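Below: one structure, written as structure tokens.
Protein chains in written order, with my numbering: chain A, 809 to 1147; chain B, 809 to 1147.
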């Protein structure tokens, strides 16, 4: 066979806001399989905010994405050829296939490729609610915020893959869930479809004081837990409503991903309110993934954990979809359809 | 008997920096003792930065200091009259006597007055290393920073009552202790007398970048724990050198006590470095005081925990000494001698 793989590489590093010119589409033949290898036809590519950080050269929590190599990314797909006894043609798998149509992997390394069951859970969900974003939500909520019944949990980017799961997991635990999202459509979805108690449209608020007033109405008993995906003015506003002994799970600060300064205006509130603020990266807590995926998978299979997907069809559209994600143009989990 | 008690009251709330005019010296006769009451002649008054927060009206973690009442404060002294079976004339006691020479208390309330043993520990130490400042250091260091042997712990206001204990307790646990203090004299004392590994004079650094470079030299393996007493530029500089999974115990932010803005420049470092930042108030953790005081008392009695005191003699000098404390003019634990 003479398959052609198309992939998207990082061509250059952005100075500030990234653009389509930072990416390059490359076609190369798929090599023959060596012993132990598996060839996967990727069905969906996951686009996630963390990828923006990897495009920079500077120090971050992970190695930068190398130039002229395929962009990093989570994928789901189907095994189409195998020289590995643990995988058969037709197996559905999740892995870190990158921004490409085919993925040739040495599947004898544990964990690079996971077989998944699509009887009750759609394949794409393994990139969202039952994948890294879902586990991210689960970790920050259960291990850092740890809400008690009756407490109030606020989450920013509430209509996204992570944020939507945070609020629904909080509701399962008897907490009040309040979202912050951009635009009336997203806010309506967060309340009516995801079942949050309230959602605030941050675009209606020009500063932290105004947003803080809206939070006061939506959180009459104050804020006990905050799951941070955005940073900047939104964090400032939440801190003005934080209760004593409140917890902030710092998951992302997308508002500063292009290098804009995003100072925290009043860190003395950490002391005044005896807050705990903790940053985390879900890939550093692999020991908790099985417990998280068990709960998430059960909730998705029984329809109790809802989510929405935005699918950009075709690998060539991945860069535009990614740039849109960084601007909040996606609605729910952003995927790229590859078949 | 017709004793006269002199006390200092809060006369007005400061707008920004406080001044001597915010205080008022008042003389009143000591009333006769009722059943259950104890009269204490205070020997020392403790001056502490937290008192600045109490002078404000706004929301804080504690009730504001009421106007026209005696200023709140910790004291040590001697029982001079008692109508309570648990206290005898001559007992040495620690309590919250306030800025006054005599203290008449209903000692049947548990905990308002504690008898202390001055055989091996000087009475004044119960206001410092074996009192609230010592327990504050102990709590933040052991319960939040929890250093492992070989880790590096940094503390600001390192020559003060809290900071000095933080570094010495860190050394006991096998950690590297690095102080930040104002001026060459204080830095020399922190290293030569308290036994810190290094101390940086923040007055030699005009901005966070410069201080951060000095921290890099003093902390060749980065910073694993930071005990925050100051805030502002110093916190920014420390965060630039924070290691992955580092912990910040937020105890005080004296640089913002007069209402100056003290933004945290780069909160995204909390995420990048997976930091944990936690604010605390030691009086909310009374269950840990016995364990803390046991260690602190043992270390002081055996000369392993060193400290220095600045004593301003005479109640009438308390306001000036307090204003000096807020400007860092004290050297070690600031006391007012009352006899």
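All C-beta atoms in this analysis are idealised placements derived from N, C-alpha and C, irrespective of residue type, glycine included.
Fair warning: this is a prediction, and the values are worked out from it, not measured in the lab.
When DSSP builds the beta bridges, which residues end up paired with residue 885(B)? Taking the first residue of the second chain as position 1, residue 885(B) is located at position 77. According to DSSP, which records beta bridges pairwise, residue 885(B) is partnered with 850(B) and 901(B).
Taking contact to mean at least 3 C-beta pairs separated by less than 8 Å, is the region 959-979 of chain A in contact with the region 934-946 of chain A? Put simply, the region 959-979 of chain A touches the region 934-946 of chain A. At least three CB pairs are less than 8 Å apart.
Below 8 Å between beta carbons: does that hold for residue 864(A) and residue 838(A)? Translated into positions along the first chain, residue 864(A) becomes position 56. Translated into positions along the first chain, residue 838(A) becomes position 30. At a Cβ-Cβ threshold of 8 Å, residue 864(A) and residue 838(A) do not count as neighbours.
Could you tell me whether any Cβ in chain B is nearer than 8 Å to the Cβ of residue 1024(A)? In the first chain, residue 1024(A) corresponds to position 216, counting from 1. Under the Cβ distance rule, residue 1024(A) does not count among the residues neighbouring chain B, no pair being separated by less than 8 Å.
CA-CA distance, residue 967(A) and residue 938(A)? As a position in the first chain, residue 967(A) is number 159, starting the count at 1. As a position in the first chain, residue 938(A) is number 130, starting the count at 1. Their Cα atoms are separated by approximately 16 Å.
In chain order, each beta strand (DSSP E) run of at least 3 residues that lies wholly inside the region 1070-1128 of chain B: Listed in chain order, they are 1084-1087 and 1117-1121.
Short CB-CB distance (under 8 Å) between residue 1082(B) and chain A: As a first step, residue 1082(B) must be located in the second chain, where it is residue number 274. Judged by the 8 Å Cβ criterion, residue 1082(B) is in contact with chain A.
Select from 1044(A), 823(A) and 1092(A) the residue whose C-alpha is nearest the C-alpha of residue 1020(A). Along the first chain, one-based indexing puts residue 1020(A) at 212. Residue 1044(A) is the option with its Cα nearest to residue 1020(A).
Indicate whether the contact test is met: 3 or more Cβ pairs, each with one atom in the region 1037-1053 of chain B and one in the region 1011-1019 of chain B, closer than 8 Å. Here the region 1037-1053 of chain B makes contact with the region 1011-1019 of chain B; the two share three or more CB pairs at distances below 8 Å.
State yes or no: is the beta carbon of residue 1088(A) nearer than 8 Å to at least one beta carbon in chain B? Your numbering for residue 1088(A) matches position 280 in the first chain. In terms of beta-carbon proximity, residue 1088(A) lines the interface with chain B, with at least one pair separated by less than 8 Å.
Just mark residue 810(A) as buried or exposed, buried being the case when its beta carbon has 16 or more other beta carbons within 10 Å. By 1-based counting over the first chain, the position of residue 810(A) is 2. Label assigned to residue 810(A): exposed.
If you draw a straight line from the alpha carbon of residue 901(A) to that of residue 1095(A), how long is it in whole angstroms? For this step, residue 901(A) is matched to residue 93 along the first chain. For this step, residue 1095(A) is matched to residue 287 along the first chain. So the two alpha carbons sit approximately 20 Å from each other.
Just list the residues that DSSP pairs residue 788(B) with in beta bridges. The shown model of chain B, from 809 to 1147, leaves out residue 788(B), and the question about it has no answer.
Under 7 Å from the C-beta of residue 880(B): neighbouring residues of chain A: Position 72 of the second chain, counted from the start, is the residue given in the question as residue 880(B). Chain A residues near residue 880(B): none, gap ~17 Å exceeds 7 Å.
Can you tell me where the alpha helix (DSSP H) holding residue 1018(A) begins and where it ends? For the purposes of this step, residue 1018(A) is identified with residue 210 of the first chain, where counting begins at 1. For residue 1018(A), the enclosing alpha helix (DSSP H) stretches over residues 1016-1026.
Cβ of residue 939(A) within 8 Å of any chain B Cβ: The sequence position of residue 939(A) within the first chain is 131, counting from 1. Between residue 939(A) and chain B, the shortest Cβ-Cβ separation is not below 8 Å.
Please classify residue 848(A) as buried or exposed, where buried requires at least 16 neighbouring CB atoms within 10 angstroms. In the first chain, residue 848(A) corresponds to position 40, counting from 1. Label assigned to residue 848(A): buried.
Got a sec? Which residues, its chain only, sit under 6 Å from residue 951(A) by beta carbon, not counting five neighbours each side? To locate residue 951(A), count along the first chain from 1; it is residue 143. No residues qualify anywhere along the chain.
Whether residue 1030(B) touches residue 1049(B) by CB criterion (8 Å): Counting from 1 along the second chain, the entry for residue 1030(B) is found at position 222. Counting from 1 along the second chain, the entry for residue 1049(B) is found at position 241. Yes. Within cutoff.
Proximity test, Cβ basis, 8 Å: residue 822(B) and chain A: By 1-based counting over the second chain, the position of residue 822(B) is 14. The beta carbon of residue 822(B) sits no closer than 8 Å to any beta carbon of chain A.
Measuring CB to CB, does residue 845(B) end up less than 8 Å from residue 912(B)? On the second chain, residue 845(B) is found 37 positions in, with the first residue counted as 1. On the second chain, residue 912(B) is found 104 positions in, with the first residue counted as 1. In this structure, residue 912(B) lies closer than 8 Å to residue 845(B) by Cβ.
Residue 1054(A): contacting residues in chain B (beta-carbon distance under 9 Å): For the purposes of this step, residue 1054(A) is taken as residue 246 along the first chain, with counting starting at 1. Against chain B, a Cβ distance below 9 Å from residue 1054(A) picks out nothing, because the smallest value is about 10 Å.
For the region 1130-1146 of chain B against the region 977-988 of chain B, are there 3 or more C-beta pairs whose distance is under 8 Å? By the Cβ test, the region 1130-1146 of chain B is not in contact with the region 977-988 of chain B, since fewer than three Cβ pairs between them sit closer than 8 Å.
Quick check on residue 1051(B): does DSSP put it in helix, strand or coil? What you label residue 1051(B) is simply residue 243 of the second chain in a count that begins at 1. Strand at residue 1051(B).
At a CB-CB cut-off below 8 Å, which residues of chain A make contact with residue 1078(B)? The residue you call residue 1078(B) lines up with position 270 of the second chain. Around residue 1078(B), the beta-carbon contacts reaching into chain A at under 8 Å are 1058, 1085, 1086 and 1087.
Using a Cβ-Cβ cut-off of 7 Å (strictly less than) and excluding sequence neighbours within five positions of residue 1081(B), which residues of its own chain qualify? Your numbering for residue 1081(B) matches position 273 in the second chain. Only 1050, 1051, 1052 and 1054 meet the Cβ criterion.
Compare the Cα-Cα distances from residue 833(A) to each of 891(A), 1125(A), 1113(A) and 1147(A) and report the closest residue. The residue you call residue 833(A) lines up with position 25 of the first chain. Checking every option, the nearest Cα to that of residue 833(A) belongs to 1125(A).
Can you tell which of 1113(B), 1147(B), 1104(B) and 1097(B) has the C-alpha that lies nearest to the C-alpha of residue 1120(B)? Residue mapping note: residue 1120(B) aligns to position 312 of the second chain, counting from 1. Taking each of 1113(B), 1147(B), 1104(B) and 1097(B) in turn and checking the Cα distance to residue 1120(B), the smallest one comes out for 1147(B).
Residue interval of the beta strand (DSSP E) (run including residue 985(B)): What you label residue 985(B) is simply residue 177 of the second chain in a count that begins at 1. Counting along the chain, the beta strand (DSSP E) containing residue 985(B) begins and ends at 984-989.
Whole angstroms is fine: what's the gap from residue 1115(A)'s alpha carbon to residue 930(A)'s? Against the first chain, residue 1115(A) aligns to sequence position 307. Against the first chain, residue 930(A) aligns to sequence position 122. Going by C-alpha positions, residue 1115(A) is about 12 Å away from residue 930(A).
Could you check what DSSP says for residue 1007(A) in three-state terms: helix, strand or coil? What you label residue 1007(A) is simply residue 199 of the first chain in a count that begins at 1. When DSSP states are grouped into helix, strand and coil, residue 1007(A) belongs to the strand group.
What's the call for residue 1032(A), buried or exposed, on a 16-neighbour Cβ count within 10 Å? The residue labelled residue 1032(A) in the question sits at position 224 within the first chain. By the neighbour-count rule (16 or more Cβ atoms within 10 Å), residue 1032(A) is buried.
Have a look at the DSSP bridge pairing and note the partners of residue 914(B). Position 106 of the second chain holds residue 914(B). The partner list for residue 914(B) (beta bridge, DSSP) reads 845(B).
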